[in-house]
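Visitor: Take a look at the following structure, please.
Protein chains in written order, with this note's numbering: chain A, 560 to 1039; chain B, 158 to 610.
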C-alpha cells in the first residue's frame, strides 16, 4: 500500500472508525444496479487565512472540512450524493439513493482493491505547519512596513496569506484506490496610492503547491509588493483607453488567460461531447496560426494548477491541445472520455466532495516561438500593449470571450508611449488565434494566482504564454 | 395544508436543535476565555436534477451542514469554521478560533454590534415552504420544460438541458449578548438552456431562462420557462458586431440589477473606510437624476432577500438608500460603521430586497424612448473598477432603430465611468425582474461608448 493511501486512511477513515474494507462494502452497494462507472471520494481539508490591514493583523481564520461524495454512472446518467457524516450506515444509505439512477440488472462485479501510486509532483506536507504562527505574523508585518517605505504616495496596504492542506482518497469501480495530499499556499499584496487627489490601486501575488517558505525564497514576498506598487503608480499616469478594433500585443505570463478563455474552456470534453462548444467536431482542423502550439500540463512540479492525480485517481499528463495551429485534442474526465471513445487525460477535477467532477484545465500555456519581444513591439504602428489582466469569461457556444486588462500601454510607431486605463478586450475564440502573427521566445508561466470557475465550481489553475501579437481585437475603451 | 403544518413543526424542531448547539458554542468559547462570541450554525438539504435531450443526466442529493464561530479576546478577533457538529469537533473549532485570536492585534473598532441594535422582533416572513418533490417528479417537470424549448422552433438544434432544484435549510445565529434565534427557509428553481443554429451560418447561440421562488407553486410554468429560453436563443441567431460609436444604451431588466449592484458595492462600508470607492463621501450627494429612488424592503413576505436581522443579529429596517437621486445612507456592518463613526445599517450579509422604484414605461415604451441605440441583454467579464468607477464590459444584445429591434449584436464592449452613467440615466422601466435580491426594471442610459468591429 502506498504511503499516501496510508496517510489518507489515517487522516480521514480512522478518525471516523472506517477502514478500507468498508469502502468495498459501499462500492458493493453502488454496483448492485447496471452501473458503468462509480466512485467514492473522501476528502479532508484544513485551510487558514491571515489578513493584515491598517498595519495590524486584522483577520485570522481557520477552516476544517471533511466529507464524502458518492457517484454512480449508467451510460451518461449520473447519480450523486454527499455527506459530511462519515458513518457506514450513512454511506450505505447514500449509495442506495445514488445507484437508483440505473435500472436494476445484473450486478456489477466487485473487483479486488488495487493500490495506485503516481509519482508525486509536490511534497505531502501541511503548509499550515510549515511556518509558526509567530513567523507568519512577522512576515506579514515586515512586508507591510517595507512596502510602505517604497513610495510616499502609498496610502493603503493589504497583505494576505492563505494556506490549504487537502487530503483525498478515491476508490473507483475498477478496484483502484488512490490518494493524494495537496498543499497550496497563496500570498497577495494590494496597495492604494494617492497623488493630487487621484487614487489608483495595484495588486500582485503568487502561490504554489508548497509550504510558506515559497514566499521567503528569491525575495518573492517583497517582489509581489514592489510589483503592486509599480502597477498602482503606472495607473496614476493612465489616460482613457482607446475604443475599437486594433492590433494587440499581449505580454508574456499571466496574459495567458487569453488561452484559458479563448480556447481552453471550448476544448473541455463535456462541451464537445454535447456539441455545445464552438470547437465541437473540429479535431484535425486549423483553428490557429501555425505559430501556435498550446498544451494543458498538469505535471509541472509544485505549480498551483498541477495535480499528481486528478480527482478521479487518474495520473496527470501533458495534453497537446493545438499543435502548429491544428486542433489535436480535448481535455477529458473519465465519463466524457468513455462516451466519446477516448481515454481520460487526467483532467477530471471537482471543487470538493460536495461537487461532481468534470473536465477542467490544469496549467494551460502556449509554447515559445522565435521572435524577440522587442521586435514584436517594434512591428506595431498603432496598437495596444496589454501586460496585466484582472480576469476573463467566455460563452463557449458562441465562442465570444472577454478579458480585462489592468495594465496597458499605447504603442505608436513601434514604441511604448503612455499607459492607458484598464479596458475589456473582446474576441471570438475560434478565430482569435488565427490572427496571431508573431510569437515571442519569452515563454513565462504566471506566478500562481489563477482561480477558474465553471458551473459554480472553483479550482486553482495556471496559465502562461510568450509575448504574442494579434492582428485585430476589439478593445473596449472610451476614447475614439 | 396539513402537510405544510407538519413540515413547519419539523423546521421548528430543527431550529431548536441548532439553537442548543449555538448556545453550547457560546458557553464553550466563554469557558475557554473569550470576552465576546458570535456563532452561526446551519443545516440544509436539497435535490437537483438535470435532464438533457429528453433524458435524465444527473440526480444530485444534497445534505449540508456547517458551523462558524468568531471569538474576541479584548479587541482581538479570531474566526474558525467546520463541517462537523459533534461536541468534540465544536470544542476543537472554538479553540482554533481562540488560539488564532491571540495572534491577531488589538483593533479598537472590532467587536460585536451594540446590544440595542440587535433584533428583538421576529416577524414571520413566510420563507419556509419545503417541496416534497421526488426525483421522478422533478425529472418529469424538467423534461416538460426542455421539450417546450426544443419544440418551440426547428432552429433549436441542441440543448444544455433543463434542471429543477429544491433546497431547504435552517440557520441559527447566536452571540454572547444573549441573542439566539433561527429560522428555516426554502428556495426552488427551474431553469432551461438551449442552443440554436441558423441555416445560413454555422455559428451557434445559446441562451437560457429560469424561475425561482420560496414556494414551488409560485414558480413560472415549466412550459413557459422552456419557451422563453428558446425564444431568447433564436432571437440571438445571426448576431454580428457593429462599428465603434457613442450611443444610448438600454440595460434589459435581467442585466440592469448589475448596474445597481456596482453602486451598492461602491457605498459598502469596507470600500468607504478604505477609500477604495469612487463614491467616498457621497452621503447627501446627488449621484442619480432626481427622479430616481432606491430603497430596501427587508420584511417582504416570501421574497428572496428577506430577513429580520443580518449576519450579526442587527435588526433590518425598511429604508431609502437613494431618495430623489441623493444618497441617504451607506451599506454598513458594525465594523465599518465604527470605522466611519456611524451606525450599522444591518447589511453585514448584504442588502435586503433592494428595490429601484419603477417608472411609468413598460419595456416597449422604454425602447421607443431610446429610439435608436443598443439594448443589452447579456454582459460578460468583470471590467468594473470600484475605486475609479471605470466601467468596460463585454456585451450582447440588439440594435434598435425607431424603437424597434433591428438585429442581434455580439462581440462588442460598452464603456464609460459609473459616475457619468448614473447621472445619464434617462428612465427606469416598470418591467421589474422580481427573481433576485435586486428588483429593478430596465434602465436607459443617455450615452455610452460602444466598441466593436
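Backbone N, C-alpha and C define an ideal beta-carbon position, used for all residues, glycine too.
As the structure is a prediction and not an experimental result, all values here were calculated from the model.
Following the continuous alpha helix (DSSP H) through residue 647 (chain A), name the residue where it begins and the one where it ends.
Guide: Residues 647-658.
Visitor: If you draw a straight line from the C-alpha of residue 443 (chain B) to the C-alpha of residue 483 (chain B), how long is it?
Guide: C-alpha separation (whole angstroms): 4 angstroms.
Visitor: So that I know if they touch, is there some Cβ in chain B lying closer than 8 angstroms to that of residue 573 (chain A)?
Guide: So, not an interface residue.
Visitor: DSSP state of residue 895 (chain A), grouped into three classes?
Guide: DSSP places residue 895 (chain A) in helix when its eight states are reduced to three.
Visitor: By the 10 Å Cβ neighbour count, where 16 or more other Cβ atoms means buried, how is residue 158 (chain B) classified, buried or exposed?
Guide: Note that residue 158 (chain B) scores 33 on pLDDT, short of 50, meaning its location in the model is unreliable and no value can be drawn from it.
Visitor: Quick one: list the residues of chain B neighbouring residue 710 (chain A), beta-carbon separation under 7 angstroms, in chain order.
Guide: Under the 7 angstroms cutoff, chain B gives no residues; its nearest Cβ is about 17 angstroms from residue 710 (chain A).
Visitor: Going by the C-beta, is residue 736 (chain A) closer than 7 angstroms to any heavy atom of the ligand ATP?
Guide: Although the ligand ATP was asked about, the structure shown includes no ligands whatsoever.
Visitor: Considering only the beta carbon of each residue, do residue 867 (chain A) and residue 677 (chain A) sit closer than 8 angstroms?
Guide: Closer than 8 angstroms, so yes.
Visitor: DSSP beta-bridge partners for residue 642 (chain A)?
Guide: DSSP, once it has assigned bridges, lists A:627 as partnering residue 642 (chain A).
Visitor: Please report the straight-line C-alpha distance between residue 656 (chain A) and residue 638 (chain A), rounded to a whole angstrom.
Guide: Distance between the alpha carbons of residue 656 (chain A) and residue 638 (chain A): 8 angstroms.
Visitor: Where are the alpha helix (DSSP H) runs, 4 residues long or more, that stay fully inside the stretch 288-349 of chain B, in chain order?
Guide: Fully enclosed alpha helix (DSSP H) runs of 4 or longer: 292-307.
Visitor: Which residue comes first and which comes last in the beta strand (DSSP E) that contains residue 732 (chain A)?
Guide: Counting along the chain, residue 732 (chain A) falls outside any beta strand (DSSP E), and DSSP gives it neither H nor E.
Visitor: Pick out whichever of B:226, B:204, B:362, B:600 has its Cα sitting closest to the Cα of residue 415 (chain B).
Guide: Checking every option, the nearest Cα to that of residue 415 (chain B) belongs to B:600.
Visitor: Hey, is residue 542 (chain B)'s beta-carbon within less than 8 angstroms of any beta-carbon in chain A?
Guide: Yes, residue 542 (chain B) lies at the interface with chain A (some Cβ there is under 8 angstroms from its Cβ).
Visitor: Can you pull the chain A neighbours of residue 464 (chain B), defined as C-beta to C-beta under 9 angstroms?
Guide: In chain order: nothing, as chain A lies at least about 23 angstroms away.
Visitor: Quick one: list the residues of chain A neighbouring residue 260 (chain B), beta-carbon separation under 7 angstroms, in chain order.
Guide: What residue 260 (chain B) touches in chain A: 616, 619, 692, 696.
Visitor: Restricting to Cα atoms, I'd like to know which of B:396, B:400, B:596 is closest to residue 564 (chain B).
Guide: Here the closest residue by C-alpha is B:396.
Visitor: In the structure shown, what three-state DSSP assignment does residue 209 (chain B) receive?
Guide: In the structure shown, residue 209 (chain B) sits in a strand (DSSP, three-state: E or B).
Visitor: Do residue 907 (chain A) and residue 735 (chain A) have their CB atoms nearer than 8 angstroms?
Guide: No. Outside cutoff.
Visitor: Have a look at B:200, B:520, B:220, B:602 and flag the residue whose alpha-carbon is nearest the alpha-carbon of residue 168 (chain B).
Guide: For the residues B:200, B:520, B:220, B:602, the minimum Cα distance to residue 168 (chain B) belongs to B:200.
Visitor: Using 8 angstroms for Cβ pairs, my map puts residue 567 (chain B) next to residue 959 (chain A). What's the rounded Cβ distance?
Guide: So it is a contact: roughly 6 angstroms between Cβ atoms.
Visitor: State the Cα-Cα distance for the pair residue 876 (chain A) and residue 865 (chain A), rounded to the nearest angstrom.
Guide: Their Cα atoms are separated by approximately 9 angstroms.
Visitor: What is the rounded straight-line gap between the Cα of residue 161 (chain B) and the Cα of residue 286 (chain B)?
Guide: Below a pLDDT of 50, predicted positions are generally treated as unreliable, and residue 161 (chain B), at 42, falls in that range; the measurement from the model is reported next regardless. Their backbone Cα atoms lie some 7 angstroms apart in a straight line.
Visitor: Terminal residues of the continuous beta strand (DSSP E) containing residue 532 (chain B)?
Guide: Counting along the chain, the beta strand (DSSP E) containing residue 532 (chain B) begins and ends at 530-537.
Visitor: For residue 475 (chain B) and residue 576 (chain B), what's the separation of their Cα atoms in angstroms?
Guide: Near 26 angstroms, if we compare the C-alpha coordinates of residue 576 (chain B) and residue 475 (chain B).
Visitor: Using a beta-carbon distance below 8 angstroms, is residue 637 (chain A) in contact with chain B?
Guide: Residue 637 (chain A) counts as touching chain B.
Visitor: Pick helix, strand or coil for residue 260 (chain B), following the three-state DSSP scheme.
Guide: Helix, per DSSP.
Visitor: Start and end of the alpha helix (DSSP H) containing residue 832 (chain A)?
Guide: Its alpha helix (DSSP H) spans residues 828-832.
Visitor: What residue range does the beta strand (DSSP E) around residue 948 (chain A) cover?
Guide: Its beta strand (DSSP E) spans residues 941-953.
Visitor: State the DSSP-derived secondary structure class of residue 158 (chain B), mapped to helix, strand or coil.
Guide: With a pLDDT of 33 at residue 158 (chain B), under the threshold of 50, the modelled position of this residue cannot be trusted, and the question is left open.
Visitor: Inspect the CB distances between the stretch 577-590 of chain A and the stretch 716-725 of chain A and report whether three or more fall short of 8 angstroms.
Guide: With a cut-off of 8 angstroms, the stretch 716-725 of chain A and the stretch 577-590 of chain A do not count as touching, because too few Cβ pairs lie within range.
Visitor: Count the other C-beta atoms from every protein chain shown that fall within 10 angstroms of the C-beta of residue 573 (chain A), then say buried if there are 16 or more, exposed otherwise.
Guide: Classification for residue 573 (chain A): exposed.
Visitor: Put residue 163 (chain B) into one of helix, strand or coil per three-state DSSP.
Guide: Confidence in residue 163 (chain B) is poor, its pLDDT being 46 and thus under 50, which makes the residue's placement unreliable; the coordinate value appears in the next sentence. Helix at residue 163 (chain B).
Visitor: Can the beta-carbon of residue 791 (chain A) be found less than 8 angstroms from the beta-carbon of residue 750 (chain A)?
Guide: Going by C-beta atoms, residue 791 (chain A) is nearer than 8 angstroms to residue 750 (chain A).
Visitor: In chain order, what residues of the same chain have a beta carbon less than 6 angstroms from the beta carbon of residue 816 (chain A), not counting five sequence neighbours either side?
Guide: Within the same chain, residue 816 (chain A) has close Cβ partners 948, 951, 962, 1022.
Visitor: Can you confirm whether residue 961 (chain A), when its beta carbon is compared against all beta carbons of chain B, has any partner nearer than 8 angstroms?
Guide: With 8 angstroms as the cut-off, residue 961 (chain A) counts as an interface residue toward chain B.
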